[in-house]
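Beneath this line is the structure, given in C-alpha cells, with notes to follow.
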Amino acid sequence: ADALELEVFRYSVMSICDEIEINITRTAYSYLIRETKDYVVGFLTADFRLFAQSGGSIPIFVGGLSEPVRDAVETIGAERLQVGDVFVSNFTDVSGQHANNVIVATPIFDDAGILGYLAIKSHWADVGGLKPGGQSYASRSVFHEGTRYRGMRVMEQAEVVPEVLATIQANTWQPETVTGDLMAQLAGCMLASRRWRRWAPEETRRLIDASLEASAEAARKLVRALPDGEYASQIEWLYEEGGLAYDLKLALTMRIAGDRIVVDLSGLPPQVDLPINSGMYGGAVSAMRLAFKLVLETDSGVHGWGEATLEGK
C-alpha cells in the first residue's frame, strides 16, 4: 500500500475510536467510566485480530477483546448477524477478567460481508453477585461474582430487544446505572456503523492487511535490536483474606532469539480460592502485550521501562 494512503487510513480509523471514546465519557452513567476511564474501544478484523484501540482508556484491555468477541460470534453464528445487531458478552472463561468487564460489540459490514467488529468493553458498576458491585472477597466461585452473558443480542437490526434489556436489568443491584452505561455502549456501536458506511474506502480489506503487516514488521525490528538471551524475574506475594492465606511465588522467564520473544509463565502459582485469579487472554496475554509496548514502543515515551526487573542469565 502507498505509505501516505496507509497513514491516512490508520489515523482515520483511530479518529473513529477517539470519537466514540469521547462520547462514552460524556454519556455513561457510572463514574467508573466517566472518571476513571475503565473501558476501551477497539476495532477487530473479521478473524478477530485487534486492529485499532482507543488511546485514552485502560491499557490492560489491549489483549482482552479478541477472544470474547470470537466466542460471542461463534455462539450466535456469524451467518446470523445482520447490520445493526449488537451483542453483549462478559463470559469469564475467555475474557479472563472479572464479570463486571462487559463487552458490547457490533459487526461492521462491507459489500463482501463482515469486515470486522467494533467492540466496547466497559466496567459495569454491577452485574449482581454476592454484594452490590459484584466484587466480594467472600466469593469462592465465579458464579458468586454475578451474571455472565455469552453472545446475547441486545439489539437486532438497530432496535433494542426489550426482553433482553429487561433480563440485564433484572440481574443487577443498580439497574439505572447499568442501563445508562449499556445505552452509552450501544450508541457507540451505532456511531461506528454510521462512520464506516459513510467513509470506508473500497480497498479497506487491503489497507487493513497492509497496516497489520507494517505493525508486525515494526515489532520484529524492535525485537531484533535486543540482545539474544534468557531473562528471569520472580516476586513473592503474601496474600491473606477471609481466613485464607497464600504464599504466592510469581516467576517469569523470557527468551529472546532473533525477532521473537517467548515468555514462559509456567512458574506462576495455580488457581486459588479467592477472586484474584486471571485467565489466559484477558490476564496473561494482555499483560504481556502491555509490557511489550511499555518496554519497547518508543513512540509512547516510556522506552526502557522494566529493564531493572530483568536479571540476565
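Offset between the sequence shown (1-based) and this note's numbering: plus 11. We put the beta carbon where it would ideally sit given N, CA and C, even for glycine. Remember, it's a predicted structure, so these values are computed and weren't measured experimentally.
Exercise for review: Could you tell me whether the Cβ atoms of Gly53 and Leu61 are closer together than 8 Å?
Suggested key: The residue labelled residue 53 in the question sits at position 42 within the sequence shown. The residue labelled residue 61 in the question sits at position 50 within the sequence shown. Yes, the pair counts as a contact, with Cβ atoms nearer than the cut-off.
Point to revise | Own chain partners of Ala110 with C-beta closer than 8 Å, once the 5 adjacent residues on each side are dropped | key: Counting from 1 along the sequence shown, the entry for residue 110 is found at position 99. In the same chain as Ala110, and ignoring 5 residues on each side of it, the C-beta atoms closer than 8 Å to its own belong to Asn101, Thr103, Val138, Gly140, Gly145, Val153, Glu156, Gly157, Thr158 and Arg159, in chain order.
**Study point:** Beta-carbon proximity list for Ile119, same chain, < 8 Å, skipping 5 on both sides
**Key:** Locating residue 119 in the sequence shown gives position 108, where the first residue counts as 1. In chain order, Phe54, Ile125, Leu126, Gly127, Tyr128, Leu129, Ala203, Ser204 and Trp207 place their CB closer than 8 Å to the CB of Ile119, counting only its own chain and leaving out the 5 sequence neighbours on each side.
Check your understanding: With a Cβ-Cβ cutoff of 8 Å, do Pro280 and Lys260 count as a contact?
Key -> Here residue 280 refers to the residue found at position 269 when the sequence shown is read from its first residue. Here residue 260 refers to the residue found at position 249 when the sequence shown is read from its first residue. In this structure, the beta-carbon distance from Pro280 to Lys260 falls below 8 Å.
Point to revise | DSSP bridge partner residues for Gly124 (one or two, in chain order) | key: For this step, residue 124 is matched to residue 113 along the sequence shown. For Gly124, which the question treats as bridged, DSSP gives the partners Asp121.
Point to revise | First and last residue of the uninterrupted alpha helix (DSSP H) at Glu187 | key: Taking the sequence shown and counting its residues from 1, one reaches residue 187 at position 176. Per DSSP, the unbroken alpha helix (DSSP H) holding Glu187 starts and ends at Pro186 to Trp210.
Exercise for review: Consult DSSP for Gln180 and reduce its assignment to one of helix, strand or coil.
Suggested key: Here residue 180 refers to the residue found at position 169 when the sequence shown is read from its first residue. Helix.
Check your understanding: Rounded to the nearest angstrom, how far is the Cβ of Gly107 from that of Met291, given a contact under 8 Å?
Key -> Numbered from its first residue, the sequence shown carries residue 107 at position 96. Numbered from its first residue, the sequence shown carries residue 291 at position 280. Your pair Gly107 and Met291 checks out as a contact, with CB atoms roughly 6 Å apart and the cut at 8 Å.
**Study point:** Touching by the beta-carbon criterion (3+ pairs, under 8 Å), the stretch 24-43 and the stretch 192-203
**Key:** Contact between the stretch 24-43 and the stretch 192-203 is present, because at least three Cβ pairs lie under 8 Å.
Practice item. With distances taken Cα to Cα, identify the nearest neighbour of Pro143 among Trp184, Val273 and Gln282. Key: Within the sequence shown, numbered from 1, the residue matching residue 143 stands at position 132. Residue nearest to Pro143 within the set Trp184, Val273 and Gln282 is Trp184 (criterion: CA-CA distance).
**Study point:** Residues near Glu187 by beta carbon distance below 8 Å, same chain, minus five either side
**Key:** Translated into the one-based positions of the sequence shown, residue 187 becomes position 176. Taken in chain order, the residues that qualify are Tyr40.
Review point. Under three-state DSSP, which class holds Leu15?
Key: Here residue 15 refers to the residue found at position 4 when the sequence shown is read from its first residue. Helix at Leu15.
Point to revise | Spatially closest choice to Ala90 from Ile131, Ile114, Trp248 and Ala57, by CA coordinates | key: The residue you call residue 90 lines up with position 79 of the sequence shown. Note on residue identity: the sequence assigns Glu, not Ala, to residue 90. Per the Cα distances, Ala57.
Exercise for review: Could you spell out where the beta strand (DSSP E) holding Ala262 opens and where it closes?
Suggested key: Position 251 of the sequence shown, counted from the first residue, corresponds to residue 262. For Ala262, the enclosing beta strand (DSSP E) has its first and last residue at Leu255 to Ala268.
Practice item. Could you check how far apart the C-beta atoms of Ile267 and Leu237 are, in whole angstroms? I think they sit under 8 Å. Key: Taking the sequence shown and counting its residues from 1, one reaches residue 267 at position 256. Taking the sequence shown and counting its residues from 1, one reaches residue 237 at position 226. Between Leu237 and Ile267 the Cβ distance is about 5 Å, and since that is below 8 Å, they are a contact.
Exercise for review: Evaluate Glu318 with the Cβ neighbour count: other Cβ atoms within 10 Å of its Cβ, from every protein chain shown; 16 or more gives buried, anything less gives exposed.
Suggested key: Here the question's residue 318 lines up with position 307 in the sequence shown. Residue confidence for Glu318 is low, a pLDDT of 35 falling below 50, so the modelled location carries little weight; the figure read from the coordinates is stated next. Result: exposed.
**Study point:** With 16 other Cβ atoms within 10 Å as the buried cut-off, status of Ala123
**Key:** In the sequence shown, the residue the question calls residue 123 occupies position 112. Flag for Ala123 reads exposed.
Review point. Can the beta-carbon of Val113 be found less than 8 Å from the beta-carbon of Val99?
Key: Reading the sequence shown from its first residue, position 102 is the one you call residue 113. Reading the sequence shown from its first residue, position 88 is the one you call residue 99. In contact: Val113 and Val99 (Cβ atoms closer than 8 Å).
Check your understanding: What is the DSSP secondary structure of His7, reduced to helix, strand or coil?
Key -> Shown here, the chain extends from 12 to 324; a query on residue 7 therefore has no answer.
Exercise for review: Check each candidate in Met265, Leu17, Tyr50 and Glu247 and name the one with the smallest Cα separation from Asp258.
Suggested key: Mapped onto the sequence shown, residue 258 falls at position 247. Asp258 has its Cα closest to that of Glu247, out of Met265, Leu17, Tyr50 and Glu247.
Practice item. Report yes if the CB atom of Arg278 is closer than 8 Å to the CB atom of Leu263, and no otherwise. Key: In the sequence shown, counting from the first residue as 1, residue 278 sits at position 267. In the sequence shown, counting from the first residue as 1, residue 263 sits at position 252. According to the sequence provided, residue 278 is Gly. The question's Arg does not apply to it. A distance below 8 Å separates the beta carbons of Gly278 and Leu263.
Check your understanding: Which whole-angstrom value is the C-beta distance of Val234 and Asp284, which I expect to be below 8 Å?
Key -> For the purposes of this step, residue 234 is taken as residue 223 along the sequence shown, with counting starting at 1. For the purposes of this step, residue 284 is taken as residue 273 along the sequence shown, with counting starting at 1. Rounded to the nearest angstrom, the Cβ distance from Val234 to Asp284 is 38 Å, too far for a contact under 8 Å.
Check your understanding: Could you check where the alpha helix (DSSP H) with Glu78 kicks off and where it finishes?
Key -> Along the sequence shown, read from residue 1 onward, the residue named residue 78 stands at position 67. In this chain, the alpha helix (DSSP H) harbouring Glu78 covers Ser77 to Ile87.
**Study point:** Buried/exposed call for Asp275, threshold 16 Cβ in 10 Å
**Key:** If you number the sequence shown from 1, residue 275 lands on position 264. Looking at its Cβ environment, which holds fewer than 16 other Cβ atoms inside 10 Å, Asp275 is exposed.
Check your understanding: Could you check where the beta strand (DSSP E) with Ile287 kicks off and where it finishes?
Key -> Against the sequence shown, residue 287 aligns to sequence position 276. Neither: Ile287 is in no beta strand (DSSP E) and is coded neither H nor E.
**Study point:** Distance, Val51 Cα to Asp192 Cα
**Key:** Position 181 of the sequence shown, counting from 1, holds the residue named residue 192. Position 40 of the sequence shown, counting from 1, holds the residue named residue 51. Going by C-alpha positions, Asp192 is about 13 Å away from Val51.
Point to revise | Selected residue, minimal CA-CA separation from Phe303, among Ser68, Gly74, Arg164 and Asp49 | key: Counting from 1 along the sequence shown, the entry for residue 303 is found at position 292. Answer by Cα proximity: Gly74.
Review point. Expressed to the nearest angstrom, what Euclidean distance is found between the alpha-carbon atoms of Leu17 and Glu228?
Key: Sequence index remark: in the sequence shown, residue 17 carries index 6 (1-based). Sequence index remark: in the sequence shown, residue 228 carries index 217 (1-based). Straight-line Cα distance between these residues: approximately 15 Å.
Exercise for review: Rounded to whole angstroms, what's the CA-CA distance from Trp316 to Ala230? Just pull it up for me.
Suggested key: Looking up residue 316 in the sequence shown gives position 305. Looking up residue 230 in the sequence shown gives position 219. Any reading at Trp316 needs caution, since the residue's pLDDT is 31, under 50, leaving its predicted position unreliable; the model's value is listed next. So the alpha carbons of these two residues sit roughly 16 Å apart.
Check your understanding: Span of the beta strand (DSSP E) holding Leu249?
Key -> Working through the sequence shown from its first residue, we reach residue 249 at position 238. Unbroken beta strand (DSSP E) run through Leu249: Gly240 to Glu252.
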